[in-house]
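Data block below; observations after.
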Amino acid sequence: MLSGGRCTGTWSATCAGYVETECAPKTCDDAAPAWDAACVGLADSLCGTSCSAEPGEPRGTCDPYLPGETNPACSGVDLTVGVPCGGTIPVCNRGNTQAPAGIAIHRYPAGAGQLPSSAPSRILDACSPTGGTLACTTTEPIEPGECISVAGCTGVTDGMEFIVNPPGAGQIAECQCGNNGSVYQSGECGSPACTATASTSPFRPVTLFVALDRSTSMRQTLSGVDVSADRWIPATNALKSFFQDPASAGLGVAFRFWPHDNPGPCSDTPSCPPAGGGGCALPLVPFNGAAADRLTAASAAMGDQQEIKLMQAFINFPTPNGETPMYPALDGATTWANNYKDAHPEEEVAVVFLTDGVPSSCNTVPNAIGNLARNAFVNHGVRVHAVGFGNSNAELINLIADQGGGRAYNLSAGSTLEGSVLDALVSIRGEARSCDVAVPSAGASDPASVSVTYENAAGVETTLTPQAGPGSCGTGWYFTDATHTTARLCPETCSIARENPGGKIRATVPCAAETLSPITMSWERYHGVCPPGTKARWEYLTYSTTTPGDSSVEFFVRSADDTADLGAAAVTLAATAHATPADTQVCDDTSTPPCAVDLGALPGAQADYLELQVTLNPTSDGAGGVQVQDWEIGYSCPDVE
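Here is the structure:
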């Protein structure tokens, strides 16, 4: 979605349709009316987009669901796939409308790359798998919040990818489709010790390529009016403040001006740079990934070598001059960032592109410029953030950021520009190096159970202290709001983590022990068939059970001469099997001494029909393991008196 409010072109027709329905009178064809908070929330839930004040490209966020839970913002169907086991594939419906039977599940070769992924290069294709072979179909409807196990899938082997409800004939509309895949495993199913109760957010090294417009319009208007105090000076001051900010410690920064022919040609004279940006891909202040060249919390005066180089670039800055060759400037910036990201895939890499104008030379086609950003994001995982002010075109700034998976900042030149540019840079830094971690679902309802740990790059874990909020923080962590769905590191702890990339923060909710309830089986009916002049008399019950701890098994009986009267018949506890205080787990002819429960002494022992009901009681602490191996009931046919 564009920052001005338009829907992103990468959304499917289904997703765009949901947004238009839920956010009416908003449509995907215009930028008005503005997105309100409710609509932003729907963009997040319906289309897998993580939004702040304005929606942006999909971020690959994951939402955990508890058994029976649905997505309240999805009025339709939302299918997800669990971990397969025992030859079955679990398919769940997190929407609020029943999913019909007959939905296709396609299989793909192992490593085919068809699965939805949070990798930037694959977020946009999450709903568009290609190829695939029908493996099976769902055999029954799936109610909201429920799951079914689909068996009988053909041709599947370990490691194969599979997707439910793929594009093509028979596809049904879903609220979102980026959560429809998994990888096949043939292992046997087993009960986990507890559900997933931890979420982790890593701290990766962050590197930025910052490209600043120094065209003539940054200094003066066409009529010669000096506007440097409204554009050039506040923009450069904001950048210097950002580079000097101790909170920027740990950032890798490469920097250049454009148009500017130092250290290589990056202008439209005598000719435009070649594909790849030519000299525009050469930073005035280089960065090669070395830890020693990252910004530190120390000032330049205290020896921050990269800060010294960045400050020197501004001290020796060339007077703003020239046209606005935006295409080669962005081409060069993304080329450098793409190459760096390819060589350092473990890092977060982004371009920060600042301009006060519109393209005036070389390739000036907006979509061509936007495609440079899209290539960086989709094919290399590099986000492109665009900052515009002065005579810049908001639509073009939005397009660059939208296609580049970044944020658009349309600012006003003048006295507020320095603060606005600095705020934008801080926002970009915070997004790339978030100190937030999602809290598992169970923690939202039991916030006191949440614990947060910080693990450094060496694997050493530290349990952090919960705090009331940022105002009383220091070290530790706090909940960002009253929903208790996000934990955030206190500023001091966050700074330490950011300065030492390679670590991670983890929010954990203790495993909730599975507490079992008694299980009562259905009544089992027996019919005593006797010769004329005699009548059935129920004589004995034998059984064999296993009852660990203080668990037990109870055997209940009721009898009547007519089946219609069984429901109203008196129920009698015939026997209880337990290990303590006396061991009565087995009562049959193998017992010492042999054992049998005398049913003949019970009320209603002489009747044509008898029903038996068994209740399995877990231990007092809710543990299981109770078993009934077998039982036997005997009767005789004495004469009728």
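Heads up: the sequence shown begins at 1 in full-length UniProt numbering, then just goes up one per residue.
C-beta atoms are modelled at their ideal positions from N, C-alpha and C, and glycine is treated no differently.
Three Cβ pairs or more, each shorter than 8 Å: is that satisfied between the region 518–536 and the region 577–588? For the pair of segments examined, the region 518–536 was found not to touch the region 577–588: the number of CB pairs separated by less than 8 Å stays below three.
Val-628 in three-state terms, based on DSSP: Working through the sequence shown from its first residue, we reach residue 628 at position 628. Val-628 carries a strand assignment under DSSP once its states are collapsed to helix, strand and coil.
Is the Cβ-Cβ distance between Ala-297 and Glu-499 less than 8 Å? Looking up residue 297 in the sequence shown gives position 297. Looking up residue 499 in the sequence shown gives position 499. Cβ distance < 8 Å, so Ala-297 and Glu-499 count as in contact.
Quick check: the region 102–110 against the region 212–222, are at least 3 beta-carbon pairs closer than 8 Å? Counting C-beta pairs with one atom in each stretch, the region 212–222 and the region 102–110 have fewer than three that are closer than 8 Å, which means they do not touch.
Kindly indicate which residue of Ser-544, Pro-274 and Leu-239 has the alpha-carbon position closest to the one of Leu-310. For the purposes of this step, residue 310 is taken as the residue at position 310 of the sequence shown. Taking only the C-alpha atoms, the option nearest Leu-310 is Leu-239.
To the nearest whole angstrom, what separates the beta carbons of residue 664 and Ser-361, a pair I think is in contact under 8 Å? Only positions 1 to 641 of the chain appear in this structure, which leaves residue 664 out of reach.
Should Ala-281 and Val-421 be called a contact, given that it needs their Cβ atoms to be closer than 8 Å? Numbered from its first residue, the sequence shown carries residue 281 at position 281. Numbered from its first residue, the sequence shown carries residue 421 at position 421. Between Ala-281 and Val-421, the gap from beta carbon to beta carbon reaches 8 Å or more.
From Ser-128, Ile-142 and Ala-173, residue whose alpha carbon lies closest to that of Phe-162: On the sequence shown, residue 162 is found 162 positions in, with the first residue counted as 1. For the residues Ser-128, Ile-142 and Ala-173, the minimum Cα distance to Phe-162 belongs to Ser-128.
Chain-order list of residues whose beta-carbon lies under 6 Å from that of Tyr-409 (same chain, five-residue window excluded): Taking the sequence shown and counting its residues from 1, the one referred to as residue 409 is at position 409. The beta carbon of Tyr-409 is closer than 6 Å to those of Val-387 and Ala-424 in its chain, skipping five residues each way along the sequence.
In this structure, does DSSP put Cys-637 in helix, strand or coil? Residue 637 sits at position 637 when you count from the first residue of the sequence shown. The three-state reading of DSSP puts Cys-637 in coil, since its state is none of H, G, I, E or B.
Touch test, the region 464–482 against the region 219–237, Cβ-Cβ under 8 Å, three pairs minimum: Taking one beta carbon from each stretch, the region 464–482 and the region 219–237 have fewer than 3 pairs nearer than 8 Å; the two do not touch.
Based on the DSSP secondary-structure assignment, which residues constitute the bridge partners of Glu-307? To locate residue 307, count along the sequence shown from 1; it is residue 307. Partner(s): none; Glu-307 has no beta bridge.
For the region 363–379 against the region 282–290, are there 3 or more C-beta pairs whose distance is under 8 Å? Contact check between the region 363–379 and the region 282–290: fewer than three CB pairs, one atom from each, fall below 8 Å, which does not count as touching.
Please report how far the alpha carbon of Gly-502 lies from the alpha carbon of Thr-207, in whole angstroms. Reading the sequence shown from its first residue, position 502 is the one you call residue 502. Reading the sequence shown from its first residue, position 207 is the one you call residue 207. Their Cα atoms are separated by approximately 14 Å.
Quick one: is Pro-58 buried, meaning 16 or more other Cβ sit within 10 Å of its Cβ, or exposed? Taking the sequence shown and counting its residues from 1, the one referred to as residue 58 is at position 58. With a pLDDT of only 45 at Pro-58, under 50, the local geometry of the prediction cannot be trusted, and the value read off the model is given with reservation. That one is buried.
Run through DSSP, which three-state label would Ile-428 get? Indexing the sequence shown from 1 puts residue 428 at position 428. DSSP places Ile-428 in helix when its eight states are reduced to three.
Would you report the Cα separation of Val-529 and Leu-616, rounded to the nearest angstrom? Stepping through the sequence shown from its first residue, residue 529 is reached at position 529. Stepping through the sequence shown from its first residue, residue 616 is reached at position 616. Their Cα atoms are separated by approximately 30 Å.
Just to confirm before moving on: does the CB-CB distance between residue 671 and Leu-330 stay below 8 Å? In the structure as shown, the chain begins at 1 and stops at 641. Residue 671 is therefore absent and cannot be evaluated.
Rounded straight-line distance, which links the Cα of Asn-179 to that of Asn-71: Within the sequence shown, residue 71 is the residue found at index 71, counting from 1. Within the sequence shown, residue 179 is the residue found at index 179, counting from 1. Approximately 13 Å, taken between the alpha carbons.
Closer than 7 Å by C-beta to Ala-53: which residues in its own chain qualify, once you throw out the five before and the five after it? Chain order, please. Position 53 of the sequence shown holds residue 53. Unreliable placement is indicated for Ala-53, whose pLDDT of 33 sits below 50; the coordinate value is still reported in the next sentence. Within the same chain, no residue comes within 7 Å of Ala-53 by CB-CB distance, once the 5 residues on both sides are set aside.
Measuring CA to CA, which of Gly-170, Gly-168, Ser-223 and Ile-105 is closest to Ser-182? Working through the sequence shown from its first residue, we reach residue 182 at position 182. Residue Ile-105 holds the alpha-carbon nearest to the alpha-carbon of Ser-182 among Gly-170, Gly-168, Ser-223 and Ile-105.
Arg-558 burial status per 10 Å Cβ neighbour count (16 or more: buried): For the purposes of this step, residue 558 is taken as the residue at position 558 of the sequence shown. In summary, Arg-558 is buried, with 16 or more beta-carbon neighbours lying within 10 Å of its beta-carbon over all protein chains present.
From Ala-564, Gln-627, Ala-229 and Cys-494, residue whose alpha carbon lies closest to that of Gly-414: Residue 414 sits at position 414 when you count from the first residue of the sequence shown. Restricting attention to Ala-564, Gln-627, Ala-229 and Cys-494, the CA atom closest to the CA of Gly-414 is found in Ala-229.
What number of angstroms, rounded off, separates the C-alpha of Thr-334 from the C-alpha of Asp-226? Position 334 of the sequence shown, counted from the start, is the residue given in the question as residue 334. Position 226 of the sequence shown, counted from the start, is the residue given in the question as residue 226. Rounded to whole angstroms, Thr-334 to Asp-226 spans 32 Å at the Cα level.
Residue(s) in a DSSP beta bridge with Lys-504: For the purposes of this step, residue 504 is taken as the residue at position 504 of the sequence shown. Paired residue(s): Pro-202 and Glu-455.
Please confirm if the region 253–264 is in contact with the region 431–444, defined as three or more CB-CB distances below 8 Å between the two stretches. The region 253–264 and the region 431–444 do not touch, with fewer than 3 CB-CB distances between them shorter than 8 Å.
Cβ pair Ile-89, Asn-165 closer than 8 Å: Your numbering for residue 89 matches position 89 in the sequence shown. Your numbering for residue 165 matches position 165 in the sequence shown. Going by C-beta atoms, Ile-89 is not nearer than 8 Å to Asn-165.
Residue range of the unbroken beta strand (DSSP E) whose run includes Val-614: Here residue 614 refers to the residue found at position 614 of the sequence shown. Unbroken beta strand (DSSP E) run through Val-614: 609–617.
In this structure, does DSSP put His-380 in helix, strand or coil? As a working note, residue 380 is residue 380 in the sequence shown. In the three-state scheme derived from DSSP, where H, G and I count as helix and E and B as strand, His-380 is classed as helix.
Rounded to the nearest angstrom, how far is the Cβ of Val-349 from that of Tyr-340, given a contact under 8 Å? As a working note, residue 349 is residue 349 in the sequence shown. As a working note, residue 340 is residue 340 in the sequence shown. That belief holds up - the Cβ atoms of Val-349 and Tyr-340 are roughly 6 Å apart, short of 8 Å.
When burial is assigned at 16 or more other CB atoms within 10 Å of the CB, is Arg-407 buried or exposed? Residue mapping note: residue 407 aligns to position 407 of the sequence shown, counting from 1. Of the residues assessed, Arg-407 falls on the buried side of the cut-off, its CB having 16 or more other CB atoms within 10 angstroms.
What does the Cβ neighbour count give for Glu-140, buried or exposed, with the cut at 16 atoms within 10 Å? Taking the sequence shown and counting its residues from 1, the one referred to as residue 140 is at position 140. Exposed.
Just how far apart, CA to CA, sit Ala-543 and Cys-85? For the purposes of this step, residue 543 is taken as the residue at position 543 of the sequence shown. For the purposes of this step, residue 85 is taken as the residue at position 85 of the sequence shown. The amino acid at residue 543 is misidentified as Ala; the sequence shows Tyr. Cα-Cα distance, rounded: 34 Å.
Buried or exposed by the 16-neighbour rule on C-beta atoms within 10 Å, applied to Leu-124: For the purposes of this step, residue 124 is identified with residue 124 of the sequence shown, where counting begins at 1. Residue placement at Leu-124 is flagged as unreliable, the pLDDT there being 47, under the threshold of 50; a coordinate-derived value is accordingly withheld.
Using DSSP bridges, identify the partner residues of Cys-587. For this step, residue 587 is matched to residue 587 along the sequence shown. The bridge partners DSSP lists for Cys-587 are Tyr-543.
Cα-Cα separation between Pro-603 and Tyr-184, rounded to whole angstroms: As a first step, residue 603 must be located in the sequence shown, where it is residue number 603. As a first step, residue 184 must be located in the sequence shown, where it is residue number 184. Looking at the two C-alpha atoms, the distance is approximately 57 Å.
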